[in-house]
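Protein chains in written order, with numbering that gives the first Met the number 0: chain A, 0 to 385; chain B, 0 to 385.
We treat Cβ as the ideally placed atom computed from N, Cα and C, and that holds for glycine.
Number of protein chains: 2
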Amino acid sequence: MSPSEMGEVPASHGSSGPLGSSGASASLGAAGCSASAGSAASAGAGHHVARATMKDVAALSGVSLKTVSRVVNREAGVSPEVRERVERAVARLDYSHNVHASNLRRSSGRTGTVGALLQDISNSFSASLLRSLEDVARDQRTAVLASSLDEEPEREIALVRGLVARRVDGLVLMPATARQEYLLPELRAGLPTVFVDRLPRGVDADSVTVDNLAGSRHAVRHLVSHGHRRIVALGDLRTIQTAELRLQGYREEMQAAGLGDEILERADLRTPEAAEAAVRQLFRTGTGPRPTAIFAGRNDLAVGAVRALRALGLVHRVALVGFDDFPLADLLDPGLTVMRQNVGQIGSEVGRLLFARIDGDAAPPRRVVIEPTLIPRGSGEIPPHE
Amino acid sequence: MSPSEMGEVPASHGSSGPLGSSGASASLGAAGCSASAGSAASAGAGHHVARATMKDVAALSGVSLKTVSRVVNREAGVSPEVRERVERAVARLDYSHNVHASNLRRSSGRTGTVGALLQDISNSFSASLLRSLEDVARDQRTAVLASSLDEEPEREIALVRGLVARRVDGLVLMPATARQEYLLPELRAGLPTVFVDRLPRGVDADSVTVDNLAGSRHAVRHLVSHGHRRIVALGDLRTIQTAELRLQGYREEMQAAGLGDEILERADLRTPEAAEAAVRQLFRTGTGPRPTAIFAGRNDLAVGAVRALRALGLVHRVALVGFDDFPLADLLDPGLTVMRQNVGQIGSEVGRLLFARIDGDAAPPRRVVIEPTLIPRGSGEIPPHE
DNA sequence: ACCTGACATGACAACGTTGTCACACGACAG
DNA sequence: CTGTCGTGTGACAACGTTGTCATGTCAGGT
């Protein structure tokens with residue numbers, strides 16, 4: 000990681016005497032002394048002094064605008080004395096480069112910013128994804144604008160518009176919309192875009208997803224192999240692609256195991272509380288044969304299931320496998336068996352794809368699919384109890 | 000939440016016939032038809048068509064640049080026919096407003112972006128904080144640039160420089176540096192800045208922090224009140240303000256309880272693994288009288304402690320109180336007793352302060368201190384065992 | 001002395017937008 | 001018919017920067 004950002008200049012000097020002998024007529028009032036090491040210096044909470052521009056630096060150091068530009072951008076072909084003079088003025092005026100003006104004029108047109116629209120930045124999946132994307136971006140000297148969509152399609156559309164208006168260099172999208180035709184003009188205009196966790200619909204673009212179908216079949220097969228027949232599936236909103244796929248995997252595997260008659264789904268569960276309520280209702284005593292195992296299609300649905308089983312005293316009697324790993328799942332009692340998606344891998348794959356596109360890769364869209372792995376921790380290995 | 004972003008225009012129309020009768024000479028090649036609802040349309044992965052500008056829209060609709068600007072900004076004083084004509088051209092050309100050029104020229108100088116430099120976006124504390132900040136920001140039609148500092152001072156300085164160069168409207172900082180004099184020029188220039196979780200040093204600025212001293216004293220008092228005397232404290236890097244304060248609170252409370260001789264600290268623990276190792280070493284059998292309780296100064300140190308106690312079979316024999324709540328702490332066995340910081344409240348308080356400053360509030364810096372609350376869940380209420 | 005080339009520097013236009021001001025037009029009062 | 005006003009529209013400069021090209025200076029070769 001390279002610590003210096005673009006277009007900046009060394010720190011203050013010991014002697015801050017008058018600048019070079021050139022007769023530049025600079026009427027700037029900004030003081031030049033640096034703060035002493037004493038108690039907290041006040042920020043002078045009053046009128047805001049306008050920021051110094053290259054013009055100010057040029058006037059103070061007695062050179063032309065263009066020369067200041069050269070110094071600030073570390074271009075070659077400036078004599079050491081002039082460079083020194085300009086850098087002094089930069090430090091004295093606290094000049095800070097204006098990247099927006101710079102990018103406007105520059106030919107490359109890069110803004111050094113990418114946007115990431117995720118489901119909810121505060122949940123561990125989105126947060127970890129964002130973090131590994133950030134790490135890739137930092138290496139490319141790029142900042143990340145992050146927002147949560149909360150499964151609201153209109154918000155997605157409004158935010159994409161905002162990001163395009165900001166001329167981001169690229170876009171990472173975990174879509175909340177069912178179809179993304181609205182993105183066509185941007186894709187046509189060459190906006191590098193990578194879908195994550197959910198495939199694009201109605202448009203063609205790069206994507207990094209998990210094999211939800213195979214993963215959920217694997218999870219269900221695991222339960223079946225431990226002797227379970229009455230397995231209930233908990234799922235999120237069916238309109239969410241991944242949620243529906245995981246339920247589909249559950250059904251397919253049940254069919255394949257000859258358990259088609261036992262299929263029992265509770266879908267459209269939005270919150271841990273909803274999952275908890277559903278499980279409580281399912282395992283209420285006296286309602287005939289109860290399920291002996293649960294497949295939870297999302298991490299916080301698994302958490303809700305654990306809460307319910309805990310309350311019912313069934314944590315060690317009902318098997319449970321979740322989709323999505325999360326911190327501390329191993330510390331529960333019993334440890335929670337999950338299908339883990341390697342979030343770090345997903346995030347860095349997204350970053351690699353995105354920056355390859357930004358760097359001009361024009362190959363046809365790629366679909367990266369990552370296989371989730373089963374992490375047995377105890378809860379998924381409980382044998383059936385009637 | 001208002002769904003529409005600034006400066007945009009209605010969607011496409013049914014009939015896309017030729018534009019108004021004006022004889023504008025527009026030589027733009029962008030096709031106008033919208034995608035059909037069939038299978039995924041390709042993004043035409045080839046040469047990138049340059050984005051249409053207001054000039055293009057003006058040419059196509061046969062009006063002046065300024066009139067397009069008026070329409071796009073929804074200014075009054077444009078005849079309905081002209082407005083309609085311009086909007087048609089905007090839709091036809093997929094025109095997207097360039098906020099950078101706009102802000103450059105505009106007097107207000109706002110960029111509609113704030114920066115948030117936090118410890119680590121993937122940890123639950125930073126992530127939740129970011130999320131609640133984002134919610135406030137969205138109401139203000141502002142985007143958030145987020146980065147992780149990982150306690151690296153140079154990264155903080157480089158990223159702040161980058162954010163200033165981007166002319167963010169405000170800055171939220173969980174500093175990794177020991178002192179922040181480097182921020183003085185920005186503060187003097189009126190950059191709204193709110194420190195979070197840690198107080199500013201060497202500069203004066205708004206802050207939202209938790210009362211770490213009182214909180215850790217509370218935690219230790221809780222253990223003492225349950226009969227513990229040999230209480231060990233686990234702490235993060237002493238150079239981190241909050242870590243040192245929590246250790247200090249531990250020492251103060253131990254002194255106050257007449258347990259000065261029992262003070263036992265393990266500081267500078269950076270990771271859960273380090274905490275786990277420290278606890279394992281402390282509770283190794285045969286090393287004389289062992290502590291009967293643990294105070295963990297940060298959430299993942301508590302997690303490490305739980306791992307160690309679990310491995311040693313001591314989870315129900317050694318008391319444990321953590322600082323910082325986290326998801327699932329209630330589902331452990333026993334539930335983890337913690338001092339909870341209300342992260343949502345911290346985040347929205349930070350947002351309120353920040354946007355008040357952005358809106359021109361010039362009052363002296365405010366220091367908001369939030370009291371953490373004790374959440375007893377079992378682990379902190381275990382009586383001493385020899 | 002003259003020409004050549006390398007080097008340092010600056011003048012100017014341009015990026016895409018908006019603030020300011022001026023103009024053209026029709027309506028209306030005198 | 002003239003003068004005044006209100007309304008819609010456009011010309012132009014400006015925001016802060018960089019790409020292009022021209023100019024000035026000086027060293028070295030003939």
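- In summary, Asn72/A is exposed, with fewer than 16 beta-carbon neighbours lying within 10 Å of its beta-carbon over all protein chains present.
- Look at Gly343/B here: in three-state DSSP terms it is helix.
- When the five nearest sequence neighbours on each side are left out, the beta carbons in the same chain lying within less than 6 Å of the beta carbon of Arg289/B are those of Phe282, in order along the chain.
- For the C-beta of Glu133/B, the chain A residues within less than 8 Å are, from N- to C-terminus, Ile120, Ala145, Ser146, Ser147.
- A contact between stretches requires three or more CB pairs, one per stretch, nearer than 8 Å, and the segment 179-198 of chain B meets this requirement with the segment 206-224 of chain B.
- Rounded to the nearest whole angstrom, the C-alpha separation of His99/B and Thr141/B is 14 Å.
- Leaving aside the five residues that flank Asp324/A on each side, the residues in its chain whose CB is nearer than 6 Å to its CB run, in chain order, Val337, Arg339.
- Within the segment 100-133 of chain A, the runs of beta strand (DSSP E) that reach at least 3 residues and sit entirely inside it are, in chain order, 112-117.
- Interface criterion not met: the Cβ of Ser78/A is under 8 Å from no Cβ in chain B.
- In the structure shown, Leu352/A falls within a helical segment according to DSSP collapsed to helix, strand and coil.
- The beta carbons of Ala274/B and Ala295/B sit about 7 Å from each other, so the pair counts as a contact at 8 Å.
- If you look at Gly161/B, you'll find it in the alpha helix (DSSP H) that goes 152-164.
- About 6 Å separates the beta carbons of Ala277/A and Leu268/A, which is inside the 8 Å limit, making them a contact pair.
- Remark: three or more beta-carbon pairs, one from each stretch, lie closer than 8 Å, so the segment 241-259 of chain A and the segment 212-219 of chain A are flagged as touching.
- Secondary structure note for Leu300/A: its alpha helix (DSSP H) is the uninterrupted segment 298-311.
- Nearest CB-CB separation between Val207/A and chain B: not below the 8 Å threshold.
- Only those residues of the segment 160-171 of chain B whose C-beta falls short of 9 Å from the nearest C-beta of chain A are listed: Arg160, Gly161, Leu162, Val163, Ala164, Arg165, Arg166.
- Taking the C-beta atoms as reference points, Arg265/B is found no nearer than 8 Å to Val320/B.
- In the DSSP annotation of this structure, Ser63/B is not part of any beta strand (DSSP E), being labelled neither H nor E.
- For Ala177/B, the CB contacts under 7 Å within the same chain, skipping 5 residues up- and downstream, are Arg200, Thr238 in chain order.
- Bounds of any alpha helix (DSSP H) do not take in Thr192/A; it lies within the beta strand (DSSP E) bounded by 192-195.
- Gly312/A has its alpha-carbon roughly 58 Å from the corresponding atom of Gly189/B.
- Counted as a single uninterrupted DSSP element, the stretch harbouring Arg91/B is not any beta strand (DSSP E) but the alpha helix (DSSP H) occupying residues 79-92.
- Taking a 10 Å sphere around the C-beta of Glu370/A, we find fewer than 16 other C-beta atoms and assign the residue as exposed.
- Taking Ile156/A as the centre and dropping the five residues before and after it, the same chain places the C-beta of Thr176, Tyr181 closer than 8 Å to its C-beta, in chain order.
- Counting every other CB atom within 10 Å of its CB across the protein chains shown gives Gly226/B a total below 16, marking it as exposed.
- By the Cβ neighbour-count rule, Asp138/A is exposed, with fewer than 16 other Cβ atoms within 10 Å of its own.
- In this structure, the alpha-carbon of Ser60/A lies about 41 Å from that of Leu170/A.
- Nearest CB-CB separation between Arg130/B and chain A: below the 8 Å threshold.
- With fewer than 16 other Cβ atoms from the protein chains shown falling within 10 Å of its own Cβ, Leu64/A counts as exposed.
- The criterion of a C-beta distance shorter than 8 Å is satisfied by Asp235/B and Arg297/B.
- Residue environment analysis places His221/B among the buried positions, since at least 16 neighbouring C-beta atoms fall within 10 angstroms of its C-beta.
- Following the DSSP letters along the chain, one finds Gly248/B inside the alpha helix (DSSP H) bounded by residues 240-255.
- Of the candidates Pro184/B, Ala88/B, Ala51/B, Leu148/B, Pro184/B places its Cα closest to the Cα of Ala51/A.
- Judged by beta-carbon spacing, Ser146/B lies beyond the 8 Å limit of Gln118/B, meaning their Cβ atoms are not closer than that value.
- In chain order, Asp93 make up the part of chain A whose C-beta sits under 7 Å from the C-beta of Pro184/B.
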